[in-house]
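Asker:
In our numbering, the protein residues as written are 3 to 293.
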């Protein structure tokens, strides 16, 4: 679990390194192509090939192409640390998307969690080390839209890929994202030729943070169940903050600890479920994974 959180947290650092040179679209196209090919190779070796489906295009768009590109664009202005912290709001958007899909209002607990999350984002943005202006707020909005895309993608994946092999789904997801980004990648080529450091960052993004990160996550699901494995999302912001501070010298704002605490408290609030229902859900998900 620590490994998955560490490599996913590092993705924000590598994107911050590569995006000024390659641009958001070129960087993410390279990332998903590398990840898709690596995962497809793993599927071939393990004889678990994904079944071709046009649904992978929408899955790849919602869970990779759109959010990755939005985060990359945001990191032209935001620090890697702040981008990682804002990404922790994804479960809050998942609550809203699920409630809308089920045509119901959020519960009192979920509503309280959303309010806490909004307060946390306000503290992170308003009391952070960066100057707040229109460009900064647009970058924050792009990061939050990425979280919304992840939430929409999660609901879509649950509805359309419930009983499919997760490794094959991940391969199809990344290759679908690569197809979605191919036309804009041609229209928006890299701004400069990448140096060795940028190239290494892109390789790390594709092979380590995405392909290896997903493979490790799915192994975690097999071992401890889906709900237990998803607790890794609580650790990703901490690693994003750590890597940005250590390797890029990004400052920690006076509002960062309080803002992070509020966001994580919000995620805990919206993620809690009755024990009996959680146990039943975990058992079903684990059974599906093992079969």
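Glycine included, every Cβ here is placed at the ideal spot set by N, Cα and C.
1. Can you give me the Cβ contacts of residue 186 inside the same chain, cut-off strictly under 6 Å, excluding the 5 residues immediately before and after it?
2. For residue 113, which option in 126, 202, 105 and 98 has the closest C-alpha, if you only look at C-alpha atoms?
3. Can you give the Cα-Cα distance for residue 110 and residue 118, rounded to whole angstroms?
4. For a test of the three-state rule: what should DSSP assign to residue 190, helix, strand or coil?
5. Measure the C-alpha to C-alpha separation of residue 181 and residue 61 and round it to an integer number of angstroms.
6. If residue 95 and residue 246 are in contact, beta carbons under 8 Å, what's the gap, nearest whole angstrom?
7. Distance, Cα to Cα, residue 225 vs residue 217?
8. So is residue 252 buried or exposed if we call it buried at 16+ other beta carbons inside 10 Å?
9. Considering only heavy atoms of the ligand ATP, does any lie closer than 6 Å to the CB of residue 248?
10. Which residues bound the alpha helix (DSSP H) around residue 81?
11. Where residue 37 and residue 9 are concerned, what is the direct C-alpha to C-alpha distance, given to the nearest angstrom?
12. Taking the runs of the alpha helix (DSSP H) that are 4 residues or longer, which of them lie wholly in the segment 88-152?
13. For the alpha helix (DSSP H) that residue 13 lies in, which residues bound it at each end?
Answerer: Quick answer:
1. Your numbering for residue 186 matches position 184 in the chain shown. These residues qualify, in order along the chain: 27.
2. Counted from its first residue, the chain shown places residue 113 at position 111. The option with the nearest alpha carbon to residue 113 is 98.
3. The count along the chain shown starts at 1 and reaches residue 110 at position 108. The count along the chain shown starts at 1 and reaches residue 118 at position 116. For residue 110 and residue 118, the distance between alpha carbons rounds to 12 Å.
4. Translated into the one-based positions of the chain shown, residue 190 becomes position 188. Residue 190: coil per DSSP, three-state reduction.
5. Position 179 of the chain shown, counting from 1, holds the residue named residue 181. Position 59 of the chain shown, counting from 1, holds the residue named residue 61. For residue 181 and residue 61, the distance between alpha carbons rounds to 12 Å.
6. Along the chain shown, read from residue 1 onward, the residue named residue 95 stands at position 93. Along the chain shown, read from residue 1 onward, the residue named residue 246 stands at position 244. Not quite, the Cβ-Cβ distance comes to about 23 Å (not below 8 Å), so this is no contact.
7. Position 223 of the chain shown holds residue 225. Position 215 of the chain shown holds residue 217. Straight-line Cα distance between these residues: approximately 13 Å.
8. Position 250 of the chain shown, counted from the first residue, corresponds to residue 252. The residue in question, residue 252, is buried, as its Cβ has 16 or more Cβ neighbours within 10 Å.
9. As for the ligand ATP, it is missing from this structure, which has no ligand bound.
10. As a working note, residue 81 is residue 79 in the chain shown. For residue 81, there is no enclosing alpha helix (DSSP H), as DSSP marks it with neither H nor E.
11. For the purposes of this step, residue 37 is identified with residue 35 of the chain shown, where counting begins at 1. For the purposes of this step, residue 9 is identified with residue 7 of the chain shown, where counting begins at 1. Cα to Cα, residue 37 sits roughly 14 Å from residue 9.
12. Qualifying alpha helix (DSSP H) stretches, in chain order: 92-103 and 110-128.
13. Counting from 1 along the chain shown, the entry for residue 13 is found at position 11. Secondary structure note for residue 13: its alpha helix (DSSP H) is the uninterrupted segment 4-47.
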